[in-house]
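Everything on this sheet refers to the single structure shown next.
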Amino acid sequence: MKNNNNIVGFILECLKPFKFLIAGQLIIGVLWAINLNLRPYILKIMLDRIPNLTPATVVTDLAGPITLYISISLGIVIVFRVYDYIWLKLNPPLKRHIGIVLMDKMMQHSLLLFQNNFAGNLANKIKEIMSGIPDLLKVTANQFFSQFLNITIAIFTVWTINYTFAALLTVWIVVFVSGVLCFLKPAKRLCRISSEIRSGVMGTMVDMLSNIASIHLFSAQKTESKYFKTDLNQWVDADQKRDWLFLFMFAFQGLSFVIYQALCFVFLVSGFKKGFVTAGDFALILIINTTIVNSLWSLSADILTFSDLMGNISQGLEVVLSPQDILDKPEAPALHVTQGRIVFDNVTFGYKNSEQLFNKISITIEPGQKIGLVGFSGGGKSTFVNLILRLYDVTQGHIFIDGQDIREVTQDSLHNAIGMIPQDSSLFNRSLRENIRYGRIDATDNEIIEAAKKAHAHEFISELPQGYDLIAGERGSKLSGGQRQRIAIARAILKDAPILMLDEATSQLDTITERKIQESLWNLMQGKTTIVVAHRLSTLLHMDRILVFDQGQIKEDATHYELLALGGMYKKLWDAQVDGFLPTNNNESDSAHNPSTRSA
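Here's what the structure looks like:
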């Protein structure tokens, strides 16, 4: 119940800025309902007058009803155009407003939500909410509200002829609607199942298209086609179960109308014989019956549409409105980095549904120190970095930056204080200039070019046909791995944050380019607290300290030469290197704990 209240509350909050336009829709609904019953009544008046007309009186006796009938017809045409104008002013801006609200909420979620959901699936859910809420409004205001008024006025209209017709119409409407409501619960369940499977199919489709290179390289077209066909078969089965239910419901509705119409003819003929039913009444009842049955057919379809829309919207909002596991505290201040000292104070941490990784780790990184992190995969290097970035919250203990608990300050200020160069640099599908400027939004073009030069990216960018205006493609697909990495380095150089983190920042570069960039990175590190995750130990020779991780513990902590002299785990790793790379320990993997983070 609480979840439904959250969903309804969210929808109403989204509609609030458009309340006057929605009121206009409701007014038009009232006029439409009056029109549906008033014109048949005017027709009844004309039919009742016709038997008593003479050539001399035909014009004067029918001029009034005919003028009123045509005026109403003209008026309703104008009203519908006003409705089109209102919908034009309402629909696109409402979708825009919903899209902004949804994406703002999605960006507040931690990485955990995105690890557990396909990006394509999430995008499909957001799209369905954006289009679903306006459609839901349309069904509610234009169909439910208007049709309810139409039915109410119709009952009153036939009551003016004889209460028997009003009672008969009321009973049939109750039977009709009750039948729809009986079908509603299973229909809602089947619609929801179909919607969930459809979202899964869309997610699978995006996953396949995102990994099209792997499909080709592994000749997996048939395998993927079979996999996708299985998903599609589930979707077809779900849709057919839903549609079979609809078929039975429509058959019940049609049969109920046939019985009702037959009873109407019995009472009309009987009433005509008794003299209280006129030819006009005959026409009025039949026209209203046709109008009402069309309204109820439309209403029953709209109930199912409403149920389907609510299912889609609810499904999407369950994700969007799900509790955020990493939140800023109310009135949290911004982080102020004066020196860059990082302190782990008895930090305990384990990933959800995994065994504990860190157990009461305490360590201090002094201002301006350059720290290297090494160890086998799964040792905790990437987790150490992620905790400082507050991508996850510690289970126990504290992490301080210049004496400020990172859980007590805003996440934006924390991330603004840290420059991060990841191992796998993903770019936006925007220009290279915009991707570099992401490091500092207010940077000038000259500053962007200067940062690109320091990252040795200016050379290859200048040779591109569109230069800095080249669109990078999805996740930077138009660039090589090394080129993407240099763009990411340029972005970090432009950001110039007081704390710097590098996760195998040069792993995708050739040796010559790496040597050039190492010098730029070394200059960038000066005066900053720097943490470098590396497999290639040769890149850590000049670090102030090297932390050696093993199964969530910091086994060793010293300089390169001191660690070699110690003859411990680091010495074994150094001796085991081949061409400067660490061997892989197949028994451990960061991905077993954290599927989103590729350990260095």
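Heads up, the sequence shown is in the numbering used here, so the first residue is -6 and it goes up one at a time. By construction, the Cβ of each residue, glycine as well, lies at the ideal position given by its N, Cα and C atoms. Predicted model only: the values in this text are computed from it and were never measured.
Assignment of R538 by DSSP, reduced to helix, strand and coil, places it in the strand class.
Three or more beta-carbon pairs separated by less than 8 Å link the stretch 331 to 348 to the stretch 383 to 391, which places the two stretches in contact. Counting only runs of 3+ residues, the beta strand (DSSP E) found wholly inside the stretch 384 to 467 occupies 389 to 394 and 411 to 414, in chain order. Classified as exposed, W515 has fewer than 16 neighbouring CB atoms from the shown chains inside 10 Å of its CB. The C-alpha of I505 is placed about 17 Å away from the C-alpha of I480. A straight-line Cα-Cα distance of about 53 Å links S513 and K82. Pairing T532 with K363 gives a Cβ-Cβ distance that is not under 8 Å. Q136 places its beta carbon less than 8 Å from that of D295. Non-local beta-carbon contacts of D41 in its own chain, meaning distances under 6 Å to residues more than five positions away in sequence, involve T271 and G273 in chain order. With fewer than 16 neighbouring CB atoms inside 10 Å of its own CB, M96 falls in the exposed class. Cβ contact annotation for I356 (same chain, cutoff 8 Å, sequence separation greater than five): V336, F337, L540, I547 and D550, in chain order. Bounds of any beta strand (DSSP E) do not take in S218; it lies within the alpha helix (DSSP H) bounded by Q214 to K267.
Here the stretch 17 to 25 makes contact with the stretch 70 to 84; the two share three or more CB pairs at distances below 8 Å. When the Cα atoms are used, L472 and A465 turn out to be separated by approximately 7 Å. Judged by their CB atoms, I482 and I441 are not nearer to each other than the 8 Å cut-off. The three-state reading of DSSP puts E512 in helix, counting H, G and I together. By the Cβ-count criterion, C257 is buried, with 16 or more other Cβ atoms from all chains shown falling within 10 Å of its own Cβ. In this structure the stretch 175 to 188 lies against the stretch 235 to 249, because at least three pairs of beta carbons, one per stretch, are closer than 8 Å. The C-beta distance from M562 to D543 rounds to 6 Å, short enough to meet the 8 Å contact threshold. For the pair P360 and V526, the Cα-to-Cα distance works out to about 18 Å. Looking at the DSSP output, I547 shares a beta bridge with F542.
Counting along the chain, G372 sits inside no beta strand (DSSP E), nor does DSSP assign it H or E at all.
Taking 8 Å as the upper bound for CB-CB distance, I63 and L31 are not in contact here, some 13 Å apart. Judged by DSSP in its simplified three-state form, T153 adopts coil rather than helix or strand. Note on geometry: alpha-carbon atoms of L366 and H553 lie some 11 Å from one another.
Segment contact: the stretch 322 to 335 against the stretch 392 to 407, three or more CB-CB distances shorter than 8 Å; contact assigned. F265 sits close to F275, with the two beta carbons spaced by under 8 Å. The C-beta distance from W165 to R191 rounds to 36 Å, too long to meet the 8 Å contact threshold. Residue state for K9 is assigned as helix, using DSSP reduced to three classes. Excluding five sequence positions before and after L289, the CB atoms of its chain that fall closer than 6 Å to its own CB belong to F169, given in chain order. When secondary structure is reduced to three states using DSSP, G333 falls in the coil class, being assigned neither helix nor strand. H451 and G560 have their alpha carbons spaced roughly 43 Å apart.
Taking the Cα positions, D321 is about 51 Å away from N143.
In this structure, S424 places its C-beta atom within 8 Å of the C-beta atom of L463. For V313, the enclosing alpha helix (DSSP H) has its first and last residue at A272 to V313. In this structure, E467 places its C-beta atom within 8 Å of the C-beta atom of N422.
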